[in-house]
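A.B. asks: Sequences listed follow chains F and P, in order. Take 884 as the starting number for the first sequence in my numbering and just add one per residue. Take 884 as the starting number for the second sequence in my numbering and just add one per residue.
Number of protein chains: 2
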Amino acid sequence: MKQKKFRTEHQQFVVEGVKVVKELLASPYKVDAVYVLGEVADEIAALSSLAPIIITEQQLQKISNLETPNKVLAVASIPQSSFSFPQVKNKLSLALDTINDPGNLGTIIRTAAWFGIDTIICSPNTTDAWNPKAVQATMGALFRTNVVYADLKTVVEEYNSTQTPVYATALDGTDIYKITLSQNGLIVIGSESHGVSPELLALIDTKLHIPSFSSGVAESLNAAVAAGVVCSEFRRR
Amino acid sequence: MKQKKFRTEHQQFVVEGVKVVKELLASPYKVDAVYVLGEVADEIAALSSLAPIIITEQQLQKISNLETPNKVLAVASIPQSSFSFPQVKNKLSLALDTINDPGNLGTIIRTAAWFGIDTIICSPNTTDAWNPKAVQATMGALFRTNVVYADLKTVVEEYNSTQTPVYATALDGTDIYKITLSQNGLIVIGSESHGVSPELLALIDTKLHIPSFSSGVAESLNAAVAAGVVCSEFRRR
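Okay, structure coming up:
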């Protein structure tokens, strides 16, 4: 289940650790199996409709993706959802263009949840949100977020056809501190190395840029940190 | 050199990858050795006062800390620096209390550099900034930043004795969007799980909080994302 191939064929993924598995059990996700060490069996059983399967530390070590396995591992089903414009039209949503790093993807989902953004639309080439590293980095926010994969050009065209605002981060964008931002619409975040793809950027009216206050020219922002600053700017009042 | 023990004894650390090693070579850091694949030998030699040592991909694989080694690995000396209040008194600096994750530490250093913060004071129990994972996460910003380890209570007392502002992030802090922030002073960032330690917090006048816009209660922010939002609030105008 560490392999994307397995996740695609079986539509299942792995969640680990007491905190994050508890978030899973409290969510609408379908849980298919829960493996626990004896010491947390009662605690987990109390939250789960499935009886947990007690395993040894050695067995957990074998099936875990973590360097330090954390007492419980669950297998759950990947939800089947697709992009629906009417559901997001009046809300603020995030689109991710080619985010390759699972840790960054997971941290962005976690950050979006903090800022009350519950739909994330990923380009088909963005890394898999149900990859173990991404799941763990969300700290459970994944289970409360509607994550869909869709062609971002088609999505942006739907926003454009109804004059719903679309923003993108871009190096030549307007200073984000000096512009009035809408409380609904779509924010497109690009990859650290290449930004939002030019074909997509061509469809987007408002480009935003986080200015640097460094005297040097070599500085850059991590994709998840940039997403956090952008979400904060949209929500602050 | 993957081991902290080695780094402490020899006061050396490892930097990898074409981009980050180039940043190292352009910095004031003392470089002790550069190992390269033949294909980038000329490119690196042009930037280095030391002759690079050409090695094979197999040799690089053996000494590399990366899953996918990236053509060049350098060994450099850890700079010896200590906290000096007169040097930072009129600037904005960051203090990190018990940041355990090297990736988060490196990303915070990178973020601070973007926002023009060039001194970072780490509590002695914060993870080592010259750990390979931290170094890589800084994307080179480490070599342009003054990172020191010091007792944060002593540091905060120095700020307090001269009425230089000190801020800390805390769950019960003032809404960061609703307060006027100084352009000099110290911002203390705490760990994700425990925040700024109570003994330190007791010495700090202004506590800040990034409000959540989520309807749920389980959300949290990654330490590096929180640092990014805080730095952005201090610098935005």
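Even for Gly, the Cβ is constructed at its ideal location relative to N, Cα and C. Note that the structure is a prediction, hence the values are computed from the model and not measured.
(1) Any contact of the segment 1055–1066 of chain P with the segment 957–968 of chain P, i.e. 3+ C-beta pairs under 8 Å?
(2) Gly841(P): which of Ser967(P), Thr1009(P), Val971(P), His1077(P) sits nearest, CA to CA?
(3) Along the chain, where does the alpha helix (DSSP H) that runs through Thr990(F) open and close?
(4) Mind checking whether Val1030(F) and Cys1005(F) have CB atoms under 8 Å apart?
(5) Let me see if you follow: with CB-CB separation under 8 Å, is Val904(F) close to chain A or not?
(6) Would you please verify whether the beta carbon of Tyr1060(P) is less than 8 Å from any beta carbon of chain F?
(7) Between which two residues does the beta strand (DSSP E) containing Glu899(P) stretch?
(8) Check whether the Cβ atoms of Asp980(F) and Val1079(F) sit closer than 8 Å, and answer yes or no.
(9) On the three-pair Cβ rule with 8 Å, is the segment 938–953 of chain F touching the segment 892–906 of chain F?
(10) Mind listing, in chain order, the continuous alpha helix (DSSP H) runs of no fewer than 4 residues lying wholly within the segment 897–929 of chain P?
(11) Relative to the C-alpha of Val1049(F), which candidate in Ile1070(F), Ala995(F), Thr994(F), Ile1003(F) has its C-alpha closest?
(12) Report yes or no: is there a C-beta of chain P within less than 8 Å of the C-beta of Thr990(F)?
(13) Which word fits Thr994(F), buried or exposed, when buried means at least 16 other C-beta atoms lie within 10 angstroms of its C-beta?
(14) How would you call Asp1011(P), buried or exposed, if buried means at least 16 neighbouring beta carbons within 10 angstroms?
(15) So Gly1111(P) is in the beta strand (DSSP E); what residue range does that whole segment cover?
(16) If you draw a straight line from the alpha carbon of Ile937(F) to that of Val1018(F), how long is it in whole angstroms?
(17) Along the segment 1032–1062 of chain F, what residues have a CB closer than 7 Å to any CB found in chain P?
(18) Can you look up Ala1020(F) in the DSSP assignment and give me helix, strand or coil?
(19) Rounded to whole angstroms, what is the Cα-Cα separation between Leu1064(F) and Gly1111(F)?
(20) Determine the direct distance from the alpha carbon of Leu908(P) to that of Leu1104(P), and round the result to whole angstroms.
(21) Does DSSP put Ile946(P) in a helix, a strand or coil?
(22) Could you tell me the distance, in whole angstroms, from the CA atom of Gln1046(P) to the CA atom of Ile991(P)?
(23) Under the three-state reduction of DSSP, which class applies to Val1079(F): helix, strand or coil?
(24) Could you name the residues that DSSP lists as bridge partners for Ala957(F)?
(25) Counting only beta-carbon separations shorter than 8 Å, does Thr994(F) have a partner in chain P?
(26) Would Ser1103(P) pass as an interface residue toward chain F - the criterion being a Cβ-Cβ separation below 8 Å?
(27) If we count the other Cβ atoms within 10 Å of its Cβ and call it buried at 16 or more, is Leu988(P) buried or exposed?
(28) Do Ile1062(P) and Leu1091(P) have their CB atoms nearer than 8 Å?
(29) Short check: CB of Phe996(F) to CB of Glu1075(P), under 8 Å?
(30) Mark Val1100(P) as exposed unless 16 or more other C-beta atoms lie within 10 angstroms of its C-beta, in which case mark it buried.
(31) Take Ala1085(P) as the anchor and find which of Ala1109(P), Val1108(P), Ala1051(P) has the nearest alpha-carbon.
(32) Within 10 Å of its beta-carbon, does Gly1068(P) have 16 or more other beta-carbons around it, so buried, or fewer, so exposed?
(33) By Cβ distance below 6 Å, which residues in the same chain neighbour Ser1077(P) in space, the five residues on each side in sequence not counted?
(34) Under a three-way DSSP split, which group does Ser1098(F) fall into?
(35) How big is the Cα-Cα spacing for Trp1013(P) and Arg1119(P)?
(36) Hey, does Ala1124(P) have any beta-carbon neighbour from chain F nearer than 8 Å?
C.D. replies: Looking at the coordinates:
(1) no
(2) Outside the displayed range of chain P (884 to 1120) lies residue 841(P), so it cannot be described from this structure.
(3) Run containing Thr990(F): 985–997, per the alpha helix (DSSP H) assignment.
(4) yes
(5) The chain labelled as chain A is not found among the protein chains of the depicted structure, namely F and P.
(6) At least one chain F Cβ lies under 8 Å of Tyr1060(P).
(7) 895–899
(8) yes
(9) yes
(10) 901–908, 924–928
(11) Ile1070(F)
(12) yes
(13) With 16 or more other Cβ atoms within 10 Å, it is buried.
(14) buried
(15) Unbroken run through Gly1111(P) is the alpha helix (DSSP H), 1106–1118; no beta strand (DSSP E).
(16) 23 Å
(17) Tyr1060
(18) helix
(19) 15 Å
(20) 34 Å
(21) helix
(22) 26 Å
(23) coil
(24) Val898(F), Val917(F)
(25) yes
(26) yes
(27) buried
(28) yes
(29) Correcting the residue identity first, residue 996(F) is Ala in this sequence and not Phe. No, Cβ-Cβ distance for Ala996(F) and Glu1075(P) is not below 8 Å.
(30) exposed
(31) Ala1051(P)
(32) Classification of Gly1068(P): buried, given that the 10 Å Cβ count is 16 or more.
(33) Residue 1077(P) is actually His in this sequence, not Ser. Hits under 6 Å: none found.
(34) coil
(35) 30 Å
(36) Lying outside 884 to 1120, the shown extent of chain P, residue 1124(P) is not represented and no answer is given.
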